[in-house]
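K.L.:
In our numbering, the protein residues as written are 20 to 394.
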């Protein structure tokens, strides 16, 4: 994979973390060096709009005080759900690792679905009685307990048997990135095609570098414990930040919205090009539609423009800045992580302004967490 692809994926990762969405599509990677003319559909004209490789929209100078009036941002009260690693969490993690390692599954024919099983399913999602885009699949492998699907979906498959059709009732999260579905109920008609699990043998345990099952399970337990601690940290940070936004009066400049919407499209466009695909083909292969993509771009622009206003307001009031040493250390870390020979080589492809904004945002979040009150 090209270095530019790795860095763009990093950008998308930072972007999605900021937006708070959690799609779980599987994308096939390629080292193909063919770069066709990237394009995005124009729904009104039916033509193809060629996107440049860099954002042509320039941020206009503005006084953030004209657009944001901060409410309470220090002393936010926050309660974080405590996540504790259970035996079944370890079981699920082991099953997922065995699947990723290409182990041969054992097919189940004499019992219903239980936690840890991998089920092969067909499903169709319905909203207001009609199928919705991106809500259907055939032959999909899902590990029960993995949390890959929205809350409540996997649990309702427990106890089902092969060839059974089940109606799964769920409610999309309030912060779901598709505005039409956010906070809305939906029904999925699911057919169980196959039930499988992976047998943890002594040979498999040895191949993974462990002496016995107890040692392996303890390793997975500690790994999950670290992941859960990170999840609790993120929950706390997200709650505090979202509360700060709700407490504030914010009007987003139109220029900022345009800038970030174009940035979103160009990021995806450049990733598509690095795989030798045009944007629309890449989006389609990723499992959703251009209409969904446009909605995501709009959502991203609102989130990022709001974030910029919050960053500027709090950094000005509290005197929070990124030092040259902090920036240099982060550049060194990223350059080493993504295989660049030097910081200079990395910075030729990186967006310095965006990187500094990300670092400043992290520093402000740390400040807000330190000022918060856990109840």
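In this text, a Cβ means the ideal position worked out from N, Cα and C, and glycines have one as well.
If you're wondering where the values come from, they're calculated on a predicted model, not measured in any experiment.
Can you give me the C-alpha to C-alpha distance between residue 379 and residue 361, rounded to a whole angstrom?
P.N.:
Approximately 23 Å, taken between the alpha carbons.
K.L.:
Pairing CB atoms from the segment 170-188 with CB atoms from the segment 322-329, are three or more of them under 8 Å?
P.N.:
Touching, no.
K.L.:
Compare the beta carbon distance of residue 186 and residue 206 with 8 Å and say whether it is the shorter of the two.
P.N.:
Yes. Within cutoff.
K.L.:
Could you check whether residue 102 and residue 229 sit closer than 8 Å to each other, using their CB atoms as the reference points?
P.N.:
Cβ atoms of residue 229 and residue 102: not closer than 8 Å.
K.L.:
Using DSSP bridges, identify the partner residues of residue 88.
P.N.:
Per DSSP, 268.
K.L.:
Give me the residue from 160, 264, 353 and 155 with the minimum Cα distance to residue 136.
P.N.:
Residue 136 has its Cα closest to that of 160, out of 160, 264, 353 and 155.
K.L.:
Nearest-angstrom Cα distance between residue 346 and residue 174?
P.N.:
Residue 346 and residue 174: Cα-Cα distance of roughly 44 Å.
K.L.:
Would you check if the segment 92-102 and the segment 347-367 touch, i.e. whether three or more CB-CB distances between them fall below 8 Å?
P.N.:
Verdict: no, contact absent.
K.L.:
Please classify residue 320: is it buried, with 16 or more other beta-carbons within 10 angstroms of its beta-carbon, or exposed?
P.N.:
By the neighbour-count rule (16 or more Cβ atoms within 10 Å), residue 320 is buried.
K.L.:
Indicate the three-state DSSP secondary structure (helix, strand or coil) for residue 294 in the structure shown.
P.N.:
The answer is coil: DSSP assigns residue 294 none of H, G, I, E or B.
K.L.:
How close, in whole Å, do the beta carbons of residue 389 and residue 79 come, if the pair is a contact with beta carbons under 8 Å?
P.N.:
Contact doesn't hold; Cβ gap of about 34 Å is too wide.
K.L.:
Would you check if the distance between the CB atom of residue 216 and the CB atom of residue 227 is smaller than 8 Å?
P.N.:
The answer is no: Cβ separation not under 8 Å.
K.L.:
What runs of the alpha helix (DSSP H), each 4 residues or longer, lie entirely inside the segment 224-271?
P.N.:
Segments of the alpha helix (DSSP H) lying fully in the segment 224-271: 232-266.
K.L.:
Once DSSP output is grouped into helix, strand and coil, what is the label at residue 328?
P.N.:
Helix at residue 328.
K.L.:
Could you pull out every residue in the same chain whose Cβ sits closer than 7 Å to the Cβ of residue 243, ignoring the five residues on either side in sequence?
P.N.:
Cβ within range, chain order: 104, 108, 109 and 112.
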